[in-house]
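Heads up: the structure comes next, in structure tokens.
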Amino acid sequence: MASEIAIIGGGASGLSSAIEAKRQSKKLGLDLSVTVFEHLNKPAKKILATGNGRCNFTNTDLNISHYYGDKVLIENVLSSDYSDTLEFFKSMGILPYFENGRVYPRSEQASSIRDALLKTCEILNIKFKTDCEIDEIKAINNKFKILNDEFDAVIIATGGKSQKAQGSDGSGYKLLSDSGHKITDISPALSALNVSEKGFKDLKGLRIKGNFSLFSGRKLLKEEFGEIQFTEQGLSGIPVLNISHFANNRKNLFAVIDTCNEFGPKDLVKHFTECRYKSPALRTEEVLSGLIPQKLSYFIMKRAGIKENTSAGKLTDKDIEALVLNLKQLEFKIDGIRDFDYSQVTSGGADSSDFNAKTLMSKKQSGLFACGEILNVNGDCGGYNLHFAWTSGRLSGASAVKYLNDKVVK
């Protein structure tokens, strides 16, 4: 009689766990049937949206500092035999393209990753049940009943609560909490920060490279350099997204942007002073345009209290001081983080203390596993969250097969 594994969730971690489970069962000679339950009409929808449609599926720098949450569990997953993501995808015909540490499929199409996963599932005879809403998992006599079917092991890979339209609606948390598992506080991560102050919308569409720092009162939460994007609602871009989860449940938030990272304040004072004497007919906005985009020039002049068309020759020392201050410490009040529908991943999740860090099997219910974003783990932009999804998915799939094979042997 075949052993049966149910996987709840047909995303990155769910599909990788299904594939690894079938591959490991073949190695062990275990007769195994795997069924993936997906509540959308098609699996792997969220994968198509990753990396702006290019699917940044891993990174060459997998230092643990890029991850947040339970460090012990993260270390165990990343150091497991299933962290060889490049080889995993090469086995499905995907060759990599490297870009500043980020890894994309050579085609630079997210559909290549999805198609490779689904084709491999087809070859391995993995079953799919779509448009399924799983409200409960009943544990009866060492079996798990889902809808009208019974399974010997279950892997919960539903993702977090981010991007409901792509399939992550937080339903997995209830499945785990109903079986006695603790869920930590969850919040959006890798999301834009809201800014509503007057005049900010004038900067919509602007992109600059600079140092982004987030403060709560006088406390620096984190800082990072990179491309900062100005949207109608607020601030975005990789450094903002990476820092955004620090904004959750914080008061008196404000951001500080150094728009001229490579220049110190003295360098800028010297530059403006020289322009004042050597090019007095230049307008201040023209002097600024050699440093920053024009949109930002007008905004900074307004912040510095300098009228448009003011010539460089009329700038006072106080004016120059105000310009330099705003160039080096451009400050915005932050009204919070955009919600789950706009965030890429979820911070927080299933409490890792309820799971074996080496196998991802529940300590409360034998045969029940969890992987991917539903766990209390989130990473930076750059393929880190997908790498954890593939790796934890494969680890849980292999662990489930070992669990079932041990039962058969006994």
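Numbering-wise, this note's numbering puts 83 at position 88 of the sequence shown, and it's gapless, one number per residue. All C-beta atoms, glycine included, are put in the ideal place defined by N, C-alpha and C. Predicted model only: the values in this text are computed from it and were never measured.
Separation of the CB atoms of residue 307 and residue 275 is rounded to 6 Å, and the pair is thereby assigned contact status at 8 Å.
7 Å or more divides the Cβ of residue 372 from the Cβ of residue 141. DSSP, read as helix, strand or coil, puts residue 117 in helix. Between the beta-carbon of residue 346 and that of residue 125 there is about 30 Å, and that puts the pair past the 8 Å contact cut.
A direct Cα-to-Cα measurement between residue 147 and residue 138 gives close to 5 Å. DSSP places residue 389 in the uninterrupted alpha helix (DSSP H) bounded by 379 to 404. Using a 10 angstroms sphere on the CB of residue 175, the tally of other CB atoms stays under 16, which defines it as exposed.
When DSSP states are grouped into helix, strand and coil, residue 109 belongs to the helix group. For residue 267, the enclosing alpha helix (DSSP H) begins and ends at 260 to 273. Under the Cβ criterion (8 Å, minimum of three pairs), the segment 289 to 299 counts as touching the segment 316 to 328.
Around the C-beta of residue 168, 16 or more other C-beta atoms lie within 10 Å, and the residue is accordingly described as buried. Using a C-beta cut-off of 8 Å, the segment 35 to 55 makes no contact with the segment 361 to 371, since fewer than three inter-stretch Cβ pairs fall below that distance. Secondary structure of residue 342 (DSSP, three-state): strand. In this structure, residue 190 lies away from residue 83, with their beta-carbon atoms at least 7 Å apart. Sixteen is the threshold: since fewer than 16 other Cβ atoms of the shown chains lie within 10 Å of the Cβ of residue 215, the residue is exposed. Contact between residue 99 and residue 18 does not hold, since their C-beta atoms are separated by about 24 Å, which reaches or exceeds 8 Å. When secondary structure is reduced to three states using DSSP, residue 52 falls in the coil class, being assigned neither helix nor strand. 376 is the residue among 229, 376, 389 whose C-alpha sits nearest the C-alpha of residue 46. Here DSSP, grouped into helix, strand and coil, assigns residue 179 to coil.
DSSP places residue 288 in no beta strand (DSSP E); its state is neither H nor E. Residue 135: member of the beta strand (DSSP E) spanning 133 to 135, first to last residue. When C-beta atoms of the segment -2 to 13 are compared with those of the segment 22 to 39, three or more pairs fall below 8 Å, so the two segments count as touching. Beta-bridge pairing by DSSP links residue 220 to 206. Distance from the Cα of residue 257 is smallest, within the candidate group 287, 246, 344, for 287. Per the DSSP secondary-structure output, residue 100 pairs in a beta bridge with 91.
DSSP assignment within the segment 319 to 363 yields the following whole beta strand (DSSP E) runs of 3 residues or more, N-terminal first: 325 to 328, 340 to 342. Residue range 7 to 23 is occupied by the alpha helix (DSSP H) that includes residue 8, with no beta strand (DSSP E) assigned at that position.
Put simply, of 122, 89, 97 the residue whose alpha carbon is nearest the alpha carbon of residue 107 is 89.
Secondary structure note for residue 145: it is in no alpha helix (DSSP H), and the uninterrupted beta strand (DSSP E) holding it is 144 to 146. Residue 253 has 206 as its beta-bridge partners, per DSSP. The three-state reading of DSSP puts residue 308 in helix, counting H, G and I together.
Using a 10 angstroms sphere on the CB of residue -3, the tally of other CB atoms stays under 16, which defines it as exposed.
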